[in-house]
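What follows is a set of notes on a single structure, which appears directly below.
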Amino acid sequence: MYLSLNWLKDFVKIPNNISSEELAARLTLHTVEVENITDQAKKFDKVIIGKILEISRHPNADRLQLTKVDVGGKEVLNIVCGASNIEVGQLVPVAMIGAVLPNGLEIKEAEVRGEKSQGMLCAADELGLGDDHSGILILEANAKIGQSFAKHLHLDDTIFEVDNKSLTNRPDLWSHMGMAREISAILSTKFTAYKPSEKKHKKITGGIKLNVKVEAGDLCNRYMAAAIEGIKVESSPNWMQQKLIAAGVRPINNIVDITNYVMLELGQPMHAFDQKLVDKIIIRAAKKGEVLETLDGNKRNLAEEMLVIADSKKPLAVAGVMGGANSEISDETTSIVFESANFDFVSTRKTSQKLNLRTESSMRFEKGIDPLLAETALARAIELTLEICPKASIVSEIIDIFPGKKKFLSKQIQLRLDWLQKIIGEDLGKGRVIEILTNLGFEIKEKNDELIVSVPSWRATRDISIAEDLAEEVARIHGFNNIRSLMPKVEMLPPEKNEERTLERRIKELLSKGGNLHEVYNYSFVGEDQLKKLFIDSSSYLKLANPIASHQTMMRQTLVPNLLENVKNNQARFKEFGLFEVGSVFLSIDSEIKKDNQSNDNLPYQEKRIGIVLASDNKEGLFRKGKGIVELLMSSLNLEVGWKIDEFSFNWADKAEVADISVADKIIGSVAKVDNKIAKNIGLKKETVVIELSLRQLLALYKKQNVKLFEEFEKFPPLVRDLAFVINENVLYSDIRAEIINFNQLIKKVELFDVFHGGKLGENKKSLAFHVVYQADRTLTTAEVDQIQAELLKRLEERFEAKIRNF
Amino acid sequence: MKEKLEKIKNEILENLAKVKSLEEWQNLEVKYLGRKGVFTEILRSLTGLSIEERKTIGKLANDIKLELQENFKNVAEILEGKKSVGFVDPTLPGIKLPQGHIHPMTIVQNELEDLFISMGFMVLDGPEMESDYYNFEALNIPKHHPARDMQDTFYVDKKNDEGELDLVMRTQTSSMQVRAMQKYGAPMRCVIPGRCFRSEATDVRHEHTFYQLEGVMVGEGISLANMKSVLETVAKHLYGPETQVRLRPKFYPFVEPGANGEVTCFICGGKGCRLCKDTGWLEIFGSGMIHPNVLKAGGIDAKKYTGFAFGFGLTRLVMLKYGIGDIRLLQSDDLRFLEQF
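Protein chains in written order, with full-length UniProt numbering: chain A, 1 to 807; chain B, 1 to 341.
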């Protein structure tokens, strides 16, 4: 929103020692952020009024003319000009050397086709005053030679741009008068509110009976209207146009300008109908299928929950949002009906959202405007109309239908001063508190240590209702930065630990520093196409109702798809790399978390997962490297990991190289190589292995385990035997290992050190080689170990058809 | 004999040390170790010794021969340039050990968590997919409240029994305020770091996925002055002991009074520079005294207890700290980015 300093000064005294910058800074610190200050005069810096003394033809160019221009200085300027509308004696705006025009053009001394030019004569569009480029802007004869152009236009205003979003709670600040009141409280200076003159607007001359009926009283709190005759539609006076321009609103004609002027001045959106085009005024819900062409030329399909202003036959306006073309003020209009109403804020907001039409009017209504303002604003509009159109007169009763009157009874709040001191943390003194509140328009009755505060109507709609709201008023006007800091005094208890977070952190350290992996933060979204290519069924995926990109429409249920994207995005630059992520997945089953305290509905199940991806040009051993990372992670957490044949079988995984991660007989994740065909299909150019495991399940297991105790060193040397077997391919390492380690209590450790396939072994055979460590609390003899080993070999042969390998 | 062998060995080594070219080396080798060389001759002369003597002296002679051969070989390699003269360049880099990296967001989040834990705050997590109730309603933002304009919300396409879309991707970590109060009651203090979402197109300055850290403190007599003090502590921790905090009013429906927090620009120290757009201040948090409606939603007696809440944009803190200009890098998988932290 734009605020004109001149307009503000109509209502509040701003001392000379408060500069625009200072005022903006104070507003920012106490009320609302001022995003920008524009000095109108600066816009036309070095643009001066000059008189054309001579015009001659340019010797080298047919279309150009040479002029001599008097700008009130010592020298007459030579300026080359291309426009054809100039004549000797005219007064024109001259951009002097060094001027920077609003369109960014910087004026420099130049030679145009061999002739010196010491400035530029300006057209309207070059000065940012409309689109006219038909010729140089010719000024009235009374313009003063040498005067700055800004001064000539009376453009001496300063414009503040404030952040609309920080005004959502302050309907009263959407106007110059409201902001002026605020400034008066900040600066402790005098504020004068607008008061309609009693006589003028009550003098009714004519005999029009306005037929107004509010049918939807729940959505229309108040409806006021008055008809005026004797209107001549023309441009509004300069002073009004200047203020409108300063506030960023384009002047249209005197009647429309008056409605906008009142809105910008007082904050009340107004509307004017052509009285002759309206037989009745009915405030009702729209009917199904009704269509209205709004003032912006768009045909709007109305829905039943929308509030409209209609006559006996058709809708005339979307209440609080925009008027219709069918009753628009035109050059032929001679009598008008002013509407000054108060519409329900929720309804206005819904309608404006549904029509995707946000207007200056709807933005104000949806904040909840003071219903008493309707009356003041109507009076102001009538007053301005009578002033601007001398022949105009009020020809109807002032209609005032106020169905919502009871909703807006005056509000009183008890403000205890000791409570105020407690919440602010400092005693500001009773006098200061009363001063601040009074300046803001609150009325106060003192009662011992308590203030009975009456809330003014412009703050009472939704902004101020409890003592905390008053505390804010006092604290911010006093200045948050004037309150001294004070550390809270609390019991010295250590905070409850967040075990999942602690584990997550540890895992991140381990994976990055131990596993040589880089942490990545991927989006929580995936796309249908992405999943389809991995043969992941997305039917159970939770979807976004309003996604912003076609590749991010669903909530991920696994970290894998995005991790594979990560490989694609890096594969051209790096030969071998690994990434990890700890992030949430969102399943379509219910969690145990309630949607709210009263509800039996639960949120969808969400948990954090650890995802790892390894990519390499080297095709050998990547799957086992992946397992190695899991083993490193688990052993660092003092957990033992076992590998199980995958039960879930991902469609995208290589059937040969996929395994489930099992800890304490619980499957908490898996390691899988991406199937070659799929890899090719999705554009992976590397061997890729993905690991995913549940942080929550890992935490549960981690919490269950006991502290790892110190183990005494062995006092006697171990006996190590190396054994290599040839077995069928389909015999599992884990089964053989289990058999060996459980075979005899003297066998303390079994370590695989070689795996070998095919070749001399023959088809479907493999060789596994182990170090088998025998250990006892005495020196073992070769003989007894030999005997155990012989029995072991026999058992392995019986169970697995394992043959000892002798080559 | 033994002395003789030692003497000849030293003589040979001395001469070998003076050798400057391969040619000299060859001559020397022929002279001493060649078939008719001096040392070879001595070895031959051993045949005349007794068996006992031959055993001891023979071994010694053989050892010396091996030693000499080794020395000759070394010198040859040096002369051929195969071996360095014994000079190791101490400025050579070490052998590179592979190392992974932690994401900058994690680093900054961990630092802040540690600070708050040290001040007795719990660290809580919350659901990223949240109910409309906790993300909005419980925070004093009813449906069709204009404050919802500030936030473009991702809704989940799953209607409840009433036919409403009541699941959102949380737009703020404030969504955990009421859950935390309901679980822990008062007094209580906690922070909630985490991922948030807003439905907006991404560009250099906008991301639909970003991070916040919410703080809540509830207790008897907790005041605005307390809030200021805690936030100043955080600011000083982040940007040094000279850092100041400036609060200015800002409307958030779930606090009253509500304030926006700025800190002295750490680049220019408040003098004004490009980073702070010449204001001297950087806006980094929102804050305020918890609205009594929110306390009530959290099951807390608003007459007895008060509290404050604040929220930091973690994303912004990370960008400021590391000088990252493009917000999208934080969600990017580019290893050239990830390897830098």
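Just so you know, even glycine gets a beta-carbon here, dropped at the ideal spot from N, CA and C. This one's a predicted model, so the numbers in the text were calculated from it and none came from an experiment.
Cβ-Cβ separation, residue j to residue i (assumed contact under 8 Å), whole Å
i	j	result
A:LEU768	A:TYR733	6 Å
A:VAL641	A:VAL663	6 Å
residue 342 of chain B	A:ASN516	This structure does not reach residue 342 of chain B, given that chain B is present from 1 up to 341, and the question cannot be answered.
A:LEU266	A:SER347	Contact flag wrong, Cβ pair sits at about 22 Å.
A:GLU801	A:ILE727	7 Å
A:ASN326	A:LYS314	7 Å
A:PHE525	A:ARG556	7 Å
A:LEU53	A:VAL88	7 Å
A:GLY248	A:TYR2	4 Å
A:ILE55	A:VAL71	Not really, about 16 Å apart at Cβ, beyond 8 Å.
Alpha carbon of residue i to alpha carbon of residue j, nearest angstrom
i	j	result
A:LEU173	B:VAL263	27 Å
A:GLU109	A:ASN78	10 Å
A:ILE788	A:ILE747	9 Å
A:VAL495	B:GLU232	According to the sequence as given, residue 495 of chain A is Pro; it is not Val. Approximately 21 Å, taken between the alpha carbons.
A:ASN522	B:LEU115	26 Å
B:ASN15	B:GLN69	14 Å
A:GLY368	A:GLN268	11 Å
A:LEU137	A:ARG63	18 Å
A:ASN742	A:GLU581	38 Å
B:THR209	A:GLU739	51 Å
A:PHE338	A:HIS271	6 Å
B:ILE300	B:ILE290	11 Å
A:ASN103	B:PRO93	58 Å
B:VAL218	A:THR359	41 Å
A:SER148	A:ALA377	36 Å
B:VAL216	B:MET188	8 Å
A:ILE678	B:ARG198	33 Å
Other residues of its chain near residue i: CB distance less than 6 Å, five sequence neighbours each side excluded
i	result
A:ASN169	ASP463
B:LYS9	ILE64
A:ASP754	ALA769
A:GLY657	Correcting the residue identity first, residue 657 of chain A is Glu in this sequence and not Gly. Answer for A:GLU657: PHE623 and LYS673, listed in chain order.
A:ASP163	GLU33 and GLU35
B:LEU33	PHE39
B:ASP132	ASP166 and VAL168
A:ILE388	ASN254
Nonlocal neighbours in the same chain, by C-beta distance under 7 Å from residue i, ignoring five residues either side
i	result
A:PHE756	LYS766 and SER767
A:HIS30	ILE186, ARG476, ILE477 and GLY479
A:PHE191	PHE11, VAL12, ALA180, ARG181 and SER184
B:ALA186	VAL218, GLY219, ILE300 and TYR305
Close Cβ partners of residue i (< 8 Å) along its chain, the five nearest in sequence each way excluded
i	result
B:ILE42	LYS4, LEU5, ILE8 and ALA61
B:ASP157	LEU165
A:SER410	SER454, VAL455, SER457 and ALA460
A:LEU210	ALA225, ALA226, ALA227, ILE281, VAL337, SER396, GLU397 and ILE399
B:SER287	MET227, LEU231, LEU247, VAL255, GLY258, ALA259, ASN260, GLY261, PHE308, ALA309, PHE310 and GLY311
Interface residues of chain D facing residue i [CB-CB closer than 7 Å]
i	result
B:TYR305	The structure shown contains no chain D; its protein chains are A and B.
Any non-hydrogen atom of the ligand PLP closer than 7 Å to residue i Cβ
i	result
A:ARG795	Among the components of this structure there are no ligands whatsoever, and the ligand PLP is therefore not found.
**Study point:** Sequence ranges, alpha helix (DSSP H) only - wholly within the stretch 387-464 of chain A, length at least 4
**Key:** Complete alpha helix (DSSP H) runs here, min 4: 417-424, 430-439 and 457-460.
Check your understanding: Counting only runs that start and end within the stretch 602-645 of chain A, where is the beta strand (DSSP E) found for 3 or more residues in a row?
Key -> Residue ranges of uninterrupted beta strand (DSSP E) with 3 or more members, entirely inside the stretch 602-645 of chain A and ordered along the chain, are 602-616 and 641-645.
Review point. Listed in chain order, which residues of the stretch 603-618 of chain A have Cβ atoms closer than 7 Å to some Cβ of chain B?
Key: LEU603, PRO604 and GLN606
Review point. Which residues, in chain order, does the stretch 425-436 of chain A contribute to contact with chain B at a C-beta distance below 8 Å?
Key: Residues passing the 8 Å Cβ filter: GLY425 and GLU426.
Practice item. Note down, in chain order, all residues in the stretch 318-335 of chain B with a beta-carbon under 9 Å from any beta-carbon belonging to chain A. Key: The residues in question are LEU330, GLN331, SER332, ASP333, ASP334 and LEU335.
Check your understanding: Any residues in the stretch 150-164 of chain B with a beta carbon nearer than 7 Å to a beta carbon of chain A? Which ones, in chain order?
Key -> MET150, PHE154, TYR155, VAL156, ASP157, LYS158 and ASN160
Point to revise | chain A contacts made by the stretch 231-245 of chain B, where a contact means CB separation under 7 Å | key: GLU232
Practice item. Note down, one range per segment and in chain order, each alpha helix (DSSP H) of at least 4 residues found wholly within the stretch 72-123 of chain B. Key: 104-118
Check your understanding: Listed from N- to C-terminal order along the chain, which residues in the stretch 33-44 of chain A have their beta-carbon within a distance smaller than 8 Å of any beta-carbon of chain B?
Key -> GLU33
Check your understanding: Just by C-beta distance, which residues in the stretch 116-127 of chain B are closer than 7 Å to chain A?
Key -> ILE117, GLY120, PHE121, MET122, VAL123, LEU124, ASP125 and PRO127
Review point. Counting only runs that start and end within the stretch 644-728 of chain A, where is the beta strand (DSSP E) found for 3 or more residues in a row?
Key: DSSP runs (the beta strand (DSSP E)) wholly in the stretch 644-728 of chain A: 653-663, 666-674, 687-694 and 719-728.
Exercise for review: With 8 Å as the C-beta to C-beta threshold (strictly closer), list the residues of the stretch 656-688 of chain A near chain B in chain order.
Suggested key: none
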